Each structure stands twice: as C-alpha cells, then as structure tokens.
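Reviewing the structure listed below.
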Amino acid sequence: MSTLHVNGREHTVDVAPDTPILWALRDTLGMTGTKFGCGAALCGACTVHLDGQAIRSCVTPISAAQGRQITTIEAATDGSG
Numbered sequence: 001m002s003t004l005h006v007n008g009r010e011h012t013v014d015v016a017p018d019t020p021i022l023w024a025l026r027d028t029l030g031m032t033g034t035k036f037g038c039g040a041a042l043c044g045a046c047t048v049h050l051d052g053q054a055i056r057s058c059v060t061p062i063s064a065a066q067g068r069q070i071t072t073i074e075a076a077t078d079g080s081g
C-alpha cells in the first residue's frame, strides 16, 4: 500500500512501488485527464507536476512520489490546484 497526494487530496493505492504514476492515476484512481501517449517520456501526454516540477508520469514510479504532491490536469477544473 502506498499513499499518494494528488491535487490536494490523500489517496491510498494498492499497487507495486514500480508502477508508473500514470497507471496509478488512471487505472486505480480513475483520473483519466492524464493521457498515455508514447510510453517512453517523449510526447508529453502524460505530464503531471510533482512538487511543482513537470515530470513524465509514464516512466516515473509511484515510489518517487511518496511524501510529495502530484498535480494533474484535473486540478484545473476542480479548483484545488
């Protein structure tokens, strides 16, 4: 079990530590605003902010997000980001 802080909210997810942030967001949390594009961190479709820095979520494991804040495109529409 891992805890992710996404758009100002805390979520507990039951996925492997090497799971890319993208799949934890989309498949586990149902946050589909972040898209899958190339899977190789080249196209930018999967970009989210991790503590204010743009990262490619398709290649960044959830273990890298422990204790840090993830901000997705959904924050632009729910007013929490």
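Using the UniProt record's numbering, read the sequence shown as starting at 1 and increasing by one per residue.
C-beta: ideal position from N, C-alpha, C; glycine also.
Owing to the predicted nature of the structure, the values given are computational and were not obtained by experimental measurement.
- [ ] State buried or exposed for M1, treating a residue as buried only when at least 16 other CB atoms are found within 10 Å of its CB.
- [x] M1 comes out exposed.
Open item on the list: Here's a check: name, in chain order, each residue in its chain whose Cβ is nearer than 7 Å to the Cβ of T34, leaving out the five neighbours to either side.
Closed with: Excluding the 5 residues flanking it on each side, T34 has same chain C-beta neighbours closer than 7 Å at L22, L25, R26, C46, V48, S57, T72 and I73, in chain order.
Task: Residue span of the beta strand (DSSP E) that contains A54, given as start and end - done: Note, A54: beta strand (DSSP E), Q53 to R56.
Task: Local Cβ density within 10 Å of A65, reported as buried at 16 or more and exposed below that - done: Buried: at least 16 other Cβ atoms inside 10 Å.
Task: CA-to-CA distance, G30 to Q53, given in whole angstroms - done: Straight-line Cα distance between these residues: approximately 22 Å.
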